[in-house]
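J.: Structure below; questions to follow.
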Amino acid sequence: MSEALERAVALPVSDADPFAHEVLLDPEPLHQALREAGPVVYLSRYDVHALARYEHVHAALADWQHFESGSGVGLANFRHEKPWRPPSLLLEADPPRHDAPRRVLSEILAPPALRRLRTRWAAVAEELVDQVLRDATEFDAFVALAEAFPLRAFPDAVGLGPDGRENLLPYGNMAFNAFGPRNDLVAADAHRVAELSAWVNAQCTREALSADGFGAQIWAAADRGDLTHEQAPLVVRSLLTAGVDTTVHGLAACLYAFATHPSEWQRLRERPELARTSFDEAVRWQSPVQTFFRTATTDVTVAGTVVPRGTKILMFLGAANRDPGRWHDPDRFDLTRDPSGHVGFGMGPHQCVGQHVARLEAEALLTALARRVQRIELTGTPHRHPNNTLRSWAALPVRVQTVA
Ligand code: OVM
1 MSEALERAVA
11 LPVSDADPFA
21 HEVLLDPEPL
31 HQALREAGPV
41 VYLSRYDVHA
51 LARYEHVHAA
61 LADWQHFESG
71 SGVGLANFRH
81 EKPWRPPSLL
91 LEADPPRHDA
101 PRRVLSEILA
111 PPALRRLRTR
121 WAAVAEELVD
131 QVLRDATEFD
141 AFVALAEAFP
151 LRAFPDAVGL
161 GPDGRENLLP
171 YGNMAFNAFG
181 PRNDLVAADA
191 HRVAELSAWV
201 NAQCTREALS
211 ADGFGAQIWA
221 AADRGDLTHE
231 QAPLVVRSLL
241 TAGVDTTVHG
251 LAACLYAFAT
261 HPSEWQRLRE
271 RPELARTSFD
281 EAVRWQSPVQ
291 TFFRTATTDV
301 TVAGTVVPRG
311 TKILMFLGAA
321 NRDPGRWHDP
331 DRFDLTRDPS
341 GHVGFGMGPH
351 QCVGQHVARL
361 EAEALLTALA
371 RRVQRIELTG
381 TPHRHPNNTL
391 RSWAALPVRV
401 QTVA
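Residue numbers are given in our numbering: position 142 of the sequence shown equals residue 142, and the series is strictly consecutive.
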């Protein structure tokens with residue numbers, strides 16, 4: 001057999017549907033099967049290639065020259081299909097077009113720029129935790145904490161007005177579904193696309209934003225000439241799309257981890273400085289953003305398999321983050337490990353520009369909780385909410401024992 005034919009024969013094929021409800025609700029069995037099938041697997045149902053091993057996901061995310069984002073990071077190829085909204089200047093663009101918006105936003109969201117938010121968010125978290133614990137010792141931690149805290153902290157930091165904030169989570173849910181196939185999850189929200197998009201777009205104008213938030217800073221960058229005035233609202237839109245649901249489900253992952261790992265909660269209470277690491281470990285362990293696609297810019301060889309130019313490649317961040325070839329005992333939520341290097345925030349030029357904001361939110365909430373809560377345990381089955389991209393939650397019923 002010729003070497004080329006041998007390679008062609010060796011490409012494993014799977015007819016699994018990564019976007020089927022049962023897989024979205026419990027993705028680990030498929031992740032394991034894909035990692036074990038080979039470095040590249042052809043997903044026949046969608047005519048895409050898939051990467052699920054850490055080494056190859058990491059390498060492809062870093063190699064933006066061969067694995068582009070400009071054709072869209074969902075299943076739809078923007079060169080053949082009209083995107084559901086004007087493409088993001090950050091997520092759905094490649095260098096050099098990506099560079100100016102990225103530079104502007106990464107400065108606005110860099111740790112030094114966030115310092116003034118630290119004390120503010122600590123106070124917001126104290127107040128929320130006080131309120132929740134005053135009312136009950138049994139509650140839905142998803143609604144009362146994971147949803148409530150980012151909604152109290154982040155929209156104010158952006159500078160949003162008071163009206164319509166209830167649209168943020170449904171818009172995010174819709175946007176993250178839109179990266180997948182046009183399945184029932186996309187159909188379920190189709191009737192709200194126009195209404196939700198109109199609201200979000202209206203919040204991105206200079207007039208809609210307060211003078212002291214991230215949004216105003218984006219407009220100020222346009223006034224300085226670091227962006228065009230046409231680009232500014234789209235960069236604000238990225239904050240509103242990527243900044244709420246992600247942190248909500250990331251915090252939910254964290255609370256779920258602690259509710260099911262009491263020894264790790266004790267460890268955090270003894271060493272509250274572990275709050276940030278524990279958030280990253282939860283992001284590794286649950287991967288709130290499960291997948292993104294790239295598109296091959298040329299015929300590109302991955303571990304001996306040629307991925308043809310123009311092909312969509314599905315990156316399984318969640319599978320990479322539990323690859324036993326990279327992580328010791330990967331299925332364990334473990335605060336003694338170093339989770340850095342996980343790809344839950346991506347890798348390379350598109351690595352989550354908001355990750356410092358997310359960590360600061362997590363630090364504020366977990367620190368406030370750790371001071372007041374001795375034990376946190378589940379009182380019922382946690383409920384997931386299926387989404388084509390986000391590992392989402394619907395309910396996290398807990399009981400807490402507060403500090404005497
Ligand atoms: C964006 C964006 C960035 C990251 C994730 C995302 C919906 C969106 O720039 O709009 O998910």
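Here a beta-carbon is modelled for each residue, glycine too, at the ideal position from N, C-alpha and C.
Assign A242 to buried or exposed, taking buried as 16 or more other Cβ atoms, counted over all protein chains shown, within 10 Å of its Cβ.
T.: A242 comes out buried.
J.: How far does the alpha helix (DSSP H) with W393 in it reach, from first residue to last?
T.: Run containing W393: none in the alpha helix (DSSP H); it sits in the beta strand (DSSP E), S392 to A395.
J.: Considering just the uninterrupted stretch of the beta strand (DSSP E) at R375, what are its terminal residues?
T.: Unbroken beta strand (DSSP E) run through R375: V373 to L378.
J.: Less than 7 Å between the CB of F345 and some heavy atom of ligand 1, yes or no?
T.: Checking the Cβ of F345 against ligand 1 gives no.
J.: By Cβ distance below 7 Å, which residues in the same chain neighbour P111 in space, the five residues on each side in sequence not counted?
T.: The answer, listed in chain order, is H356.
J.: Could you name each continuous beta strand (DSSP E) segment of 3 residues or more that falls completely within the stretch 116 to 146, going from the start of the chain to the end?
T.: DSSP runs (the beta strand (DSSP E)) wholly in the stretch 116 to 146: 138 to 140.
J.: Can you name, in chain order, every residue of its own chain whose Cβ lies under 6 Å from the Cβ of A282, other than the five neighbours on each side?
T.: Hits under 6 Å: A253, C254 and A257.
J.: Mind checking who T291 pairs with in its DSSP beta bridge?
T.: Paired residues: F316.
J.: Confirm the yes/no value for this check: CB of F176, any heavy atom of ligand 1, distance under 7 Å.
T.: Yes, the Cβ of F176 comes within 7 Å of a heavy atom of ligand 1.
J.: Is DSSP giving Y171 helix, strand or coil here?
T.: In the structure shown, Y171 sits in a helix (DSSP, three-state: H, G or I).
J.: In angstroms, rounded to a whole number, what distance separates the CA positions of E6 and G325?
T.: Low local confidence applies: a pLDDT of 49 at E6 is under 50, so the model's placement there is unreliable, with the coordinate-based value given in what follows. Near 25 Å, if we compare the C-alpha coordinates of G325 and E6.
J.: On the DSSP bridge list, what partners appear for S14?
T.: Its beta-bridge partners are L43.
J.: Using alpha carbons as the reference points, say which of T311, Y54 and V48 lies closest to P39.
T.: For the residues T311, Y54 and V48, the minimum Cα distance to P39 belongs to Y54.
J.: Nearest CA to the CA of H249: which residue from S340, H56, L234 and R284?
T.: Answer by Cα proximity: R284.
J.: At a cut-off of 7 Å, is S88 close to ligand 1 when judged by its beta-carbon and the heavy atoms of the ligand?
T.: Checking every heavy atom of ligand 1 against the Cβ of S88, one is found closer than 7 Å.
J.: Whose C-beta lies closer than 7 Å to the C-beta of R35 among residues of the same chain, with five residues either side of it excluded?
T.: Contacts found: A52, R53, A319 and D323.
J.: Helix, strand or coil, according to DSSP, for A362 in the structure here?
T.: Correct three-state label for A362: helix.
J.: Could you tell me the alpha carbon to alpha carbon distance between E68 and D26, rounded to whole angstroms?
T.: When rounded, the distance between both Cα atoms is 29 Å.
J.: Quick one: Cα of H342 to Cα of H58, how far?
T.: Cα to Cα, the separation comes out at about 9 Å.
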